[in-house]
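Here the structure comes first, spelled out in structure tokens, and everything after it is commentary.
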Amino acid sequence: MDEKTTVKLVRRGFFRVLADWCLKFILLVTAGGGAIMSLSFMFPPRKLMQRLTGWVPTVDNKGLKKGEVAQVMFNGTPVYVLKTPEDKLFCYSAVCPHAACIVQWSTDDQHFKCPCHESVFDSLGNPSGGPATEPLTRLELKTDETGKIFIKLV
Amino acid sequence: MVTRKTVDWFDKRLRFKEPLLFMMERPFSKHATDIKYCFGGISLILFINQVITGLLLSIYYVPTPQDAYLSIQYITFEVSFGWLIRAMHMWGADLMILSVLIHLCIAYFKGYYRKPLELNWISGFTLFLLSLGFGFSGYLLPWTQLSYWATVIVTDIAAGIPYIGENLLLFLRGGMTVDQSTLIRFYSFHTKIIPVFSMLLLTLHLWMIKRRGICVPL
Chain A
1 MDEKTTVKLV RRGFFRVLAD WCLKFILLVT AGGGAIMSLS FMFPPRKLMQ
51 RLTGWVPTVD NKGLKKGEVA QVMFNGTPVY VLKTPEDKLF CYSAVCPHAA
101 CIVQWSTDDQ HFKCPCHESV FDSLGNPSGG PATEPLTRLE LKTDETGKIF
151 IKLV
Chain B
155 MVTRKTVDWF DKRLRFKEPL LFMMERPFSK HATDIKYCFG GISLILFINQ
205 VITGLLLSIY YVPTPQDAYL SIQYITFEVS FGWLIRAMHM WGADLMILSV
255 LIHLCIAYFK GYYRKPLELN WISGFTLFLL SLGFGFSGYL LPWTQLSYWA
305 TVIVTDIAAG IPYIGENLLL FLRGGMTVDQ STLIRFYSFH TKIIPVFSML
355 LLTLHLWMIK RRGICVPL
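Read top to bottom, the protein sequences are chains A and B. The first sequence: position 69 = 69 (my numbering), numbered continuously. The second sequence: position 9 = 163 (my numbering), numbered continuously.
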């Protein structure tokens, strides 16, 4: 607006001005509320973002063969429960310490192999080839009286 | 002022002021406040509502027989304001069909298909058919017993049309039965094919009113 227009508020004009401001307020609240609700709709629900921690149940000890692994998903990343041929149980996070790919268990030569950069880890989780220098992250593990294997997530 | 300078800077390059003023400066007929002549605008507002809520719903909806119903449940009970967005889409759909129908009836009984409104009538009636197409294709998407069997019945009715019925049935179902291929097909109709055509026709429908001006009631 170039020229300023002044409108004298007369008595009969009061409700007209009031209705005008009420309409503007309603429009603003509707637009703002709609924008906020639409934005919060686009984010996933809060309870999906909670991380699982502490002792959690995985697989049965009896169902696990010697020299094989069971893969279980927790918090979006897989975890391996490994039973060695000597009947010992280990639990490793499947995330490769080199570049965070998911390693695969090879039953034939009893090693974990990473598909991204060909790092190799033995059944104790130690690196034995490829660019990885750190061992796989080991998780605490216990078996209850029914043979269920529990692991401790941190 | 800074804003005026900015606006002018953009206007020198985009030349948007002239067409924008053309859209905004609109001589209102004395009938503009008559409820009889508001149903076109109401339909447009409801259509915009359907576009916005539909785009939001498409973030979570999964068009497969295994996940369609689950994703609807997820939207309704887990996502924040999902119940509201879904209800707005559902009620908006019903109200839009109603409002379009009233708009059509008024246009018909007032004779708004006569010269120079023939193309407005044709585009408007096609838009009405497209609205019914929206309703028909959207009804299947929740993949409930009701929507499934409604689609079976309606496509069977289409099969009863002489000569073209069997091909029409195959076109609608994408196979012999209502299954995955029907669901993805209806999803595509509902969210891609019909919206493109209805938005083109709607632009034409409104553009003609702008160019010619609203006719005084004949």
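All C-beta atoms in this analysis are idealised placements derived from N, C-alpha and C, irrespective of residue type, glycine included.
Asked, Found
"So which residues on chain B does Met37(A) lean against when the C-beta distance must stay under 9 angstroms?", "Ser234, Phe235, Leu238, Ile239"
"Counting only runs of 4+ residues fully inside the segment 257-322 of chain B, write out the alpha helix (DSSP H) ranges in chain order.", "272-294, 299-313"
"Am I right that Arg138(A) and Gly125(A) are in contact with their C-beta atoms under 8 angstroms? What's the rounded C-beta distance?", "6 angstroms"
"In terms of residue numbering, what span does the beta strand (DSSP E) encompassing Cys91(A) cover?", "89-93"
"Within this structure, are the beta carbons of Tyr223(B) and Trp297(B) separated by less than 8 angstroms?", "yes"
"Could you name the residues of chain B that Met49(A) contacts, counting a contact when the two beta carbons are closer than 7 angstroms?", "Under the 7 angstroms cutoff, chain B gives no residues; its nearest Cβ is about 12 angstroms from Met49(A)."
"Which residues in the same chain as Arg240(B) place their Cβ atom closer than 7 angstroms to its Cβ, once the five residues preceding and following it in sequence are excluded?", "Leu211, Ile229, Thr230"
"Using the C-alpha atoms, what's the distance from Leu355(B) back to Ser285(B)?", "12 angstroms"
"Less than 8 angstroms between the C-beta atoms of Ile196(B) and Ser253(B), yes or no?", "yes"
"Quick check on the burial criterion: 16 or more other C-beta atoms within 10 angstroms. Buried or exposed for Phe43(A)?", "exposed"
"Going by Cα to Cα distance, which pick from Asn321(B), Ser301(B), Gly194(B) is closest to Tyr266(B)?", "Gly194(B)"
"Would you list, in chain order, the members of the segment 208-224 of chain B that have their beta-carbon closer than 8 angstroms to a beta-carbon of chain A?", "Leu210, Ile213"
"In chain order, what residues of the same chain lie with their CB nearer than 6 angstroms to the CB of Trp237(B), ignoring the 5 residues before and after it?", "Thr230"
"Are there three or more Cβ pairs, one per stretch, closer than 8 angstroms when the segment 167-180 of chain B is compared with the segment 82-90 of chain A?", "no"
"Starting from the beta carbon of Ser40(A), find every residue of chain B whose beta carbon is closer than 7 angstroms, and list them in chain order.", "Ser234, Phe235"
"Is Arg240(B) helix, strand or coil when you go by DSSP?", "helix"
"In whole angstroms, what separates the C-alpha of Val233(B) from that of Leu39(A)?", "11 angstroms"
"According to the Cβ coordinates, are Cys101(A) and Cys91(A) closer than 8 angstroms?", "no"
"Identify the continuous beta strand (DSSP E) that holds His111(A) and give its terminal residues.", "111-113"
"Look at the alpha carbon of Val306(B) and the alpha carbon of Leu295(B), and state the distance between them as a whole number of angstroms.", "13 angstroms"
"For the alpha helix (DSSP H) containing Met178(B), name the first residue and the last one.", "171-178"
"Flag this pair as yes or no: are the beta carbons of Phe201(B) and Met250(B) separated by less than 8 angstroms?", "yes"
"So, for Thr157(B): in the same chain, excluding its five sequence neighbours on each side, which residues have a beta-carbon less than 6 angstroms away from its beta-carbon?", "none"
"The alpha helix (DSSP H) spanning Pro349(B) covers which residue range?", "348-366"
"On the criterion of 16 or more Cβ atoms from any shown chain inside 10 Å, does Arg365(B) qualify as buried, or is it exposed?", "exposed"
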